[in-house]
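> In this note's numbering, the protein residues as written are 1355 to 2369. Just so you know, even glycine gets a beta-carbon here, dropped at the ideal spot from N, CA and C. Nothing here was measured: the structure is a model prediction, and the numbers come from that model.
(1) Tell me the start and end of each unbroken beta strand (DSSP E) in the segment 2139-2173 that is at least 3 residues and wholly inside, in chain order.
(2) Can you list, in chain order, the residues of its chain with a C-beta nearer than 6 Å to that of residue 2313? Leave out the 5 residues immediately preceding and following it.
(3) Quick check on residue 1836: buried or exposed, where buried means 16 or more other Cβ atoms within 10 Å of its Cβ?
(4) Thinking C-alpha only, which one of 2011, 1763, 1675, 1774 is nearest residue 2306?
(5) If contacts are defined as beta-carbon pairs under 8 Å, then residue 1539 and residue 1562 qualify, I think. What distance do you get, rounded to the angstrom?
(6) Would DSSP call residue 2238 helix, strand or coil?
(7) Find out if the Cβ-Cβ distance for the pair residue 2046, residue 2196 is shorter than 8 Å.
(8) For residue 1509, name the three-state secondary structure that DSSP assigns.
(9) Who does residue 2280 pair with in a DSSP beta bridge?
(10) Taking C-alpha atoms, which residue in 2139, 1919, 1956 lies nearest to residue 1902?
(11) How is residue 2352 classed by DSSP in three states: helix, strand or coil?
(12) Between the C-alpha atoms of residue 2198 and residue 1504, what's the straight-line distance to the nearest angstrom?
(13) With burial defined as no fewer than 16 other Cβ atoms inside 10 Å of the residue's Cβ, what is the status of residue 1630: buried or exposed?
(14) Could you say which of 1590, 1556, 1619 lies nearest to residue 1583 if we only look at CA atoms?
(15) Taking the C-alpha atoms as reference points, what is the distance between residue 1941 and residue 1984?
(16) Using a 10 Å radius around the Cβ and a threshold of 16 neighbouring Cβ atoms, would you call residue 2141 buried or exposed?
(17) Go ahead and pull the three-state DSSP assignment for residue 1689.
(18) Which of helix, strand or coil does DSSP assign to residue 2188?
(19) Between residue 1695 and residue 1967, what straight-line distance do the alpha-carbon atoms span, to the nearest angstrom?
(20) Quick check: the Cα distance between residue 2279 and residue 2102, rounded to an integer number of angstroms?
(21) Please state whether DSSP places residue 2244 in a helix, a strand or coil.
(22) Which stretch, first to last residue, makes up the alpha helix (DSSP H) that contains residue 1852?
(23) Are the segment 2052-2067 and the segment 1896-1912 touching by the rule of at least three beta carbon pairs closer than 8 Å?
(24) At 3 residues or longer, and completely inside the segment 1418-1479: list those beta strand (DSSP E) runs for me, N to C.
(25) Can you check whether the CB of residue 2000 is closer than 8 Å to the CB of residue 1721?
(26) Run through DSSP, which three-state label would residue 2293 get?
(27) What is the rounded straight-line gap between the Cα of residue 1384 and the Cα of residue 1401?
(28) Between the segment 1509-1522 and the segment 1938-1953, do three or more beta carbon pairs fall short of 8 Å?
(29) Could you tell me the alpha carbon to alpha carbon distance between residue 1555 and residue 1820, rounded to whole angstroms?
(30) Indicate the three-state DSSP secondary structure (helix, strand or coil) for residue 2310 in the structure shown.
(31) Taking the beta carbon of residue 1669 as the centre, do at least 16 other beta carbons fall within 10 Å, making it buried, or is it exposed?
(32) If we ignore side chains and look at the alpha-carbon of each, how far apart do residue 1567 and residue 1585 end up?
(33) For residue 1295, which option in 1581, 2069, 1435, 1892 has the closest C-alpha, if you only look at C-alpha atoms?
(34) Please name the residue in 1859, 1656, 1717, 1532 whose C-alpha comes closest to that of residue 1754.
(35) Looking at the secondary structure, which residues open and close the alpha helix (DSSP H) in which residue 1870 lies?
(36) Do the CB positions of residue 2254 and residue 2317 come within less than 8 Å of each other?
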C-alpha cells in the first residue's frame, strides 16, 4: 500500500480541506519479525481497504516501521485509527522518530465510553516535525501480546489542520452520482436516498439537491429543484461501506413526508466528477415513486461494475429463471393451511415501479405461499422505564387504533388476519434488572399472593423481604430465586396479554397473538437461558398462541428444531394454544435439511408456517450483499425444496389441519426448576434430556413432554414410562411421580435427577423409594456450550452394559444398590452405573451418568472425523467454517470423493452415524414396560409421527439417515377400517391387512413425504 500526500477535499461534500494531510495505511508498515502481520477477517470489515496491521501475537518485542517524507515543517496532529472493544484491550505504542528525537504515545490503554465494541476509533498525538524523512513506529505496550480480537491498527493520518475531523474515506476509491430530474416536476423537489447497509450502523439518510449530497432528511427549501434541473456531481462514497457497498432506496420528495407521485430521472454513476468517468446511466420512470439500486463498494473494477444493478435488473433476471424452472408437480398449493414467506418486494419502505413488483410477485407465486390472500399484523410493544411491568397503555391504544385504521384503509379484510406478531425474539428481563425495578417488585408480590404464597413459604419473615433477587443472591434467598426465574416469563406473558386485549379491541376480533421466541431452548437446552419458560407462559388463559424459529445454530442436529416445537406442543396441551413457526431456509441451509425440518416440526404441531427468508436480495440487507446473498431468492438450487415443502403440506392439509398426535405412552418430565438452578452452571442435564428425546424419535417411539405443574395436576396417569433429567424437581411433582411409580409406572432417573427440590434443598423421595444410596453428584466437566460442541466433552469414565460401552461425560454419580436391586451396567471400577429396582407395582431405573450425551457425542464426533478426512488439517485444527452449525461442518477439500459418507456431508449438516446399541440402552425401560406404539417403521432415524384426524390419519415422515431409501416399511394399528393409503410423492400406495387388523405398507423415501391414511 502506498501513502498519499496531496491536498484533498474535506470529505463530506462541499467543504475544502485547509491542510495537506499525509495518509498512511498501517499495513504498509514493515516488521522484521512475526510481531506484526497484515490481517483481513471479520474484525477488519470496517478498516480502510479492509486490511489492518495486526499485532496480537508473535514476537512481543518486535516493531513495525514506515518512513514518510514531510514536505512542510510544522506542528502536526497525528491521528491513529484502530479497533476498539469494551472488554478486550490491545494497547500499543505509536512513535514518531526523527534524528535523536522521539515523540510517542500509548493507545488503547482503557475502554472509551464514547465508542462501541468492534468500531474503529481515532486518537492522536501531536508533534513538531521538521521537513524531511521521519519514521513512524508501532510497538507492543509493555512488550506483551493480547487477545486476537484487538490490536488491529488501520491507518495513520498526519495534518497541520487541528480542526480537521479525521476520515479514511477520501483516500480510497470514490463513487459519484449525478441526477437529472424529468420534466414532470412543477413544484420544488429533492432526491432522497435511504442507504440500507449490510452491517451496523445499518441506516443513513441523505438528500441530493442543487447543493449536492448531504447527510440528513432534507435540504434547505432554496436548494430544491424543478423538473429538468440537475444536481452537481455528488460524492456518494460516504453512503457505501468498503466491504459491502449499500442498497440505495431512492425517491423524489417535496418534503421528507410528502412524496412526489412518480419518479422520473436520469442517474449517472461515475468514478470521478466528470463526463469521461461515467460508468453507467439509468433512465428511470417509476410509478409509484421509488427506485432501489444496489451499489458495490466502488465502481473501479469490472466485477464491481457488474454488481451495480437496479431493481428491474434483478427482477427480470430472476423471472427468466423462474419461468423456465422445473416446478414440482406433487401435492398442491395450500388452500387453507396458512403458509407465509418472509419476502420484501421493494426496498426498505420504498415502493418500486409496478412492472418490477408484478414481475417479482409472478416469480414468487410459483411457490404457492399465502401472502397474497392472507395477512398478519404487528404489535404495540410500548413500555415505560424499559419494564414489562410498566406497560405504556395509552401509547399502545393510540398505536393500535392507528394501525387498525391503516389496515382498513388498505382494503384488506380483518377476517383474513391469521396472527398478530407482537415483536421478534424478546426474552425474559434479567433478574438483576427486576431486582432494581419498583414496578417489578409490586407485580411480583401480587403474583405470589395470587399463587397463595406466604412469606414463610418463600423462606423469609415478612412481605417487605419479598422481591425479585439477582442471580448472585440465589443461595441466600433460594425460594425467591426460584420464583424470580419463573416471574421473568410471567411478566413477559402479562405484557403480551395486555397488548392482545388492546389489539383485539382495535381490530374488533379475536387474534392469535404471539411473539417470535428465539430457539434458546435448543441452544442452551435450558429455558431460563433466555428467561422464556413455555410451560409457565402457556399456563394462562390469556395466552392463545406461541411461535418460535428453527435456526438451530450450533445445534447438534437440525432435528433439535422439532424438539423445540415438541416443547411448545407440550406446554399448549391443556389449553390448545396455536403453534406457529419460522422455517429458516436461507443462510446456507441445504435442501435436504429444509425438508427434514418442515416435516418433523409440522408433525409436532406447527399449524402456521412462515418461510424465512426469501428476499428479495436487492430489497433488504437480510442475507448480505446481493451478489453473494444467502437469501434463497438468490439460490435457485433450493427453490425445488422450498416449493415441495409448500406442496407437501397443501396436499395433506385436508387431514393435517385438524390432526393431532396420537396419545403417547412415554413421557419426559421437563423440570423447569432444574433449569432455574443449573442455568449458567451446567447445561449437560438439558442436553441429555434433549437427546433422550432424539433417541426415542429415532426409534419411532411417541413421546410427550410434561411440565412439573402438569405432573402435579395428575398428567402422568396414562403413561407407562417417564424419563427425568436434572437435579431439581418441585416437591409436589416428585410426590405425584412417586405415587405414579408405586401404581405401576416405570421411572428412569439419570445422574443426580430429582435429588433436590425447587428451592435446591435435598429431596429424598426417590432415594427412599429405591432403598439404595445415590452418592453426591460429581461434576467432572461443566458444559455450557451449544449442542454441536459436545465433542469437547472429555470421557472421564466408561460404562459397560450388556455388550455396549459408553463414555461418562460431564457428571457422574456413584450408587450403592440394595440387595433387591439389579445391576444393569457398571463403571470401570466395577461399581453400579445403572440399577433397576421394583418399587410397589412399578419400576425405577437409576443411571449414574448421562447416556444420551454419549449417544449424540458419538454421532457428532463421527461426522467430524468423516469431514476431517477431506479437510485441510489446519482448518480442522482452527475449526474454521462458514457453515450455520460450525462444529458439524468445516471447509472441504476440492478433491472430495463420491462415497456415501461424502454424499451425506454434501446433503445435510446433520450427523447420521448414531450408535444403535446406545439407543437401545436408553430405550431399555420402554422395551421392558411393553410400550407398543400404533405405528412402527423398519428403518431407524426415519422420523414418523402418527397424527389422527376424524376421517383418517396423516404421517409426516423425515429421513434423517440422509440417504434415499428404496423401501421403508410401516405397520399401523388403525382404530377404524382403512380404505386408502396415499403419499404426496407417490400417490396411491398398496397396503395389506395383516395380523390383528394391522395395516402394512411401504414406499421409497428421499428427504420427506406425507402419508395419508383414509378411513
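Let me spell this out:
(1) Whole beta strand (DSSP E) segments, 3+ residues: 2151-2155, 2158-2162.
(2) Same-chain partners within the cutoff: 2296, 2359, 2361.
(3) With 16 or more neighbouring CB atoms inside 10 Å of its own CB, residue 1836 falls in the buried class.
(4) From the listed residues 2011, 1763, 1675, 1774, the smallest Cα separation to residue 2306 is found for 2011.
(5) Residue 1562 and residue 1539 do not touch by the CB rule: their CB atoms are close to 14 Å apart, not below 8 Å.
(6) Only weak support is given to the placement of residue 2238: the predicted model assigns it a pLDDT of 45, under 50, and the question is left unresolved by the model.
(7) In this structure, residue 2196 does not lie closer than 8 Å to residue 2046 by Cβ.
(8) Of the three classes helix, strand and coil, the one that applies to residue 1509 here is strand, per DSSP.
(9) Within the DSSP secondary-structure output, residue 2280 pairs in no beta bridge.
(10) Checked all of 2139, 1919, 1956; the closest Cα to residue 1902 is 1919.
(11) DSSP places residue 2352 outside both helix and strand once states are collapsed to three, so it counts as coil.
(12) Distance between the alpha carbons of residue 2198 and residue 1504 is about 54 Å.
(13) Per the 10 Å Cβ criterion, exposed.
(14) When only C-alpha atoms are compared, the closest one is 1619.
(15) Their Cα atoms are separated by approximately 5 Å.
(16) Under a 10 Å Cβ-count criterion, residue 2141 is classified as buried, with 16 or more other Cβ atoms of the shown protein chains found around its own Cβ.
(17) Coil, per DSSP.
(18) Strand.
(19) Rounded to the nearest angstrom, the two C-alpha atoms are 7 Å apart.
(20) So the alpha carbons of these two residues sit roughly 7 Å apart.
(21) Confidence at residue 2244 is low in this model, with a pLDDT of 37, below 50, so its placement is unreliable and no value can be given for it.
(22) Residue 1852 -> alpha helix (DSSP H) spans 1832-1861.
(23) Touching, no.
(24) Within the segment 1418-1479, the runs of beta strand (DSSP E) that reach at least 3 residues and sit entirely inside it are, in chain order, 1428-1438, 1446-1452, 1455-1461.
(25) Remark: C-beta atoms of residue 1721 and residue 2000 approach each other more closely than 8 Å.
(26) Correct three-state label for residue 2293: coil.
(27) A straight line joining the alpha-carbon of residue 1384 with that of residue 1401 spans about 18 Å.
(28) Not touching, per the Cβ criterion.
(29) Going by the C-alpha atoms only, they are around 42 Å apart.
(30) In the structure shown, the three-state DSSP call for residue 2310 is strand.
(31) The residue in question, residue 1669, is buried, as its Cβ has 16 or more Cβ neighbours within 10 Å.
(32) Cα-Cα distance, rounded: 9 Å.
(33) Any answer about residue 1295 is impossible in this case: the structure gives the chain only from 1355 up to 2369.
(34) With distances taken between Cα atoms, residue 1754 lies closest to 1859.
(35) In the DSSP assignment, residue 1870 falls outside any alpha helix (DSSP H) and within the unbroken beta strand (DSSP E) covering 1867-1871.
(36) The answer is yes: Cβ separation under 8 Å.
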